[in-house]
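Q: Before I ask anything, let me first share the structure, which is written out below as structure tokens.
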Amino acid sequence: MGNAQKGKCKKDSLAAWLTPRQKLLCQETLELMKDDLPRLGLIVFTRFFETEPNLKRVFPKIVKMNDSNQLELDTDMEVLGRHASTVMHSLGAAVESLDHDGFFEGIIKNIGQSHQRRNVTPRMIEKLWPSLSYGLKEVLIDSYTKEVAGAWKKVFFYLCRHMKYGMNLTEDEEKTSDGS
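Okay, structure coming up:
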């Protein structure tokens, strides 16, 4: 199954997912909010924890557990802020590299592998979209048009697709794809 996914992913270029206009919209709006990425990240993850409270357990360094190993409502805002900022800067770097398919896909594949090691599933990542859309609207305000939202959604799910590819790699496939 990994090989089928691998082949399918390689044939699936960014140009097949995103028009030049959509790519430009994402890059232009990223530029508008470049200085607000940490704030965007906090908005996104705060909203994510509100709408998907059952996924808090995937963030043990952020969400506090009590003595009975039950989830606490509290979050470590400092750690959350760092994680949120890292995620948004990674998203920004991915959008900046949209013109370089191979580089872009390699970065995203590695991020997928990293998430897989933390037992994050592709479905969990996909559940982040409504919160990301909410955050983009909060930060971009009037610049977050229907067209911009559609472009960001396509980029997000393209990212999810390549992260899933990284998550599904076996150790042998990982070595082969790295050229080892």
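Number 67 in the UniProt record's numbering belongs to position 67 of the sequence shown; there are no gaps in the numbering.
Even glycine gets a Cβ: it sits at the ideal position worked out from N, Cα and C.
Remember, predicted model here, so these are calculated numbers, not experimental data.
1) Would you tell me roughly how many angstroms separate the C-alpha atoms of D76 and T145, rounded to the nearest one?
2) If you draw a straight line from the C-alpha of L71 to the C-alpha of R117, how long is it?
3) Roughly how many angstroms lie between the CA atoms of T46 and V87, to the nearest whole one?
4) Could you give the distance in angstroms between the alpha-carbon of I43 and the alpha-carbon of G150?
5) Within a Cβ cutoff of 8 Å, which residues of the same chain sit near S133, ignoring the five residues on either side of it in sequence?
6) Taking only three categories from DSSP, how would you classify V148?
7) Can you tell me whether V63 is helix, strand or coil according to DSSP?
8) Going by C-alpha to C-alpha distance, which of P53, M163, P60 sits closest to L91?
9) So, under 8 Å CB-CB, M167 and G112 are touching, yes? Tell me the CB distance rounded to an integer number of Å.
10) What beta strand (DSSP E) runs, 3 residues minimum, are completely inside the UniProt domain "Globin" (17-168)?
11) Quick one: Cα of I108 to Cα of D142, how far?
12) With a threshold of 16 other CB atoms inside 10 Å of the CB of K23, please say whether the residue is buried or exposed.
13) Pick out whichever of F103, L25, P38 has its Cα sitting closest to the Cα of H83.
14) So which of W129, F157, E147, A15 has the shortest CA-CA distance to G41?
15) Looking at L55: is its Cβ nearer than 8 Å to the Cβ of K127?
16) Just the C-alpha distance for H100 and D35, rounded to the nearest angstrom, thanks.
17) Quick check: the Cα distance between S131 and L140, rounded to an integer number of angstroms?
A: Let me spell this out:
1) Spanning the two alpha carbons is a distance of roughly 33 Å.
2) The predicted model places L71 with a pLDDT of 48, which falls under 50 and marks its position as unreliable; any figure quoted below should be read in that light. Their Cα atoms are separated by approximately 21 Å.
3) Rounded to the nearest angstrom, the two C-alpha atoms are 13 Å apart.
4) Those two C-alpha atoms are separated by around 20 Å.
5) Same-chain partners within the cutoff: A149, W152, K153.
6) V148 falls in the helix class under three-state DSSP.
7) Judged by DSSP in its simplified three-state form, V63 adopts strand.
8) When only C-alpha atoms are compared, the closest one is M163.
9) Their Cβ separation, rounded to whole angstroms, is 5 Å, which keeps M167 and G112 in contact under 8 Å.
10) The qualifying runs are 63-65, 71-75.
11) Roughly 29 Å separates the two Cα atoms.
12) Buried, because 16 or more other Cβ atoms sit within 10 Å of the Cβ of K23.
13) Residue P38 is the option with its Cα nearest to H83.
14) Ranking W129, F157, E147, A15 by Cα distance to G41 puts W129 first.
15) It is a contact, given that the beta carbons lie within the stated cut-off.
16) Roughly 23 Å between the two C-alpha positions.
17) C-alpha separation (whole angstroms): 14 Å.
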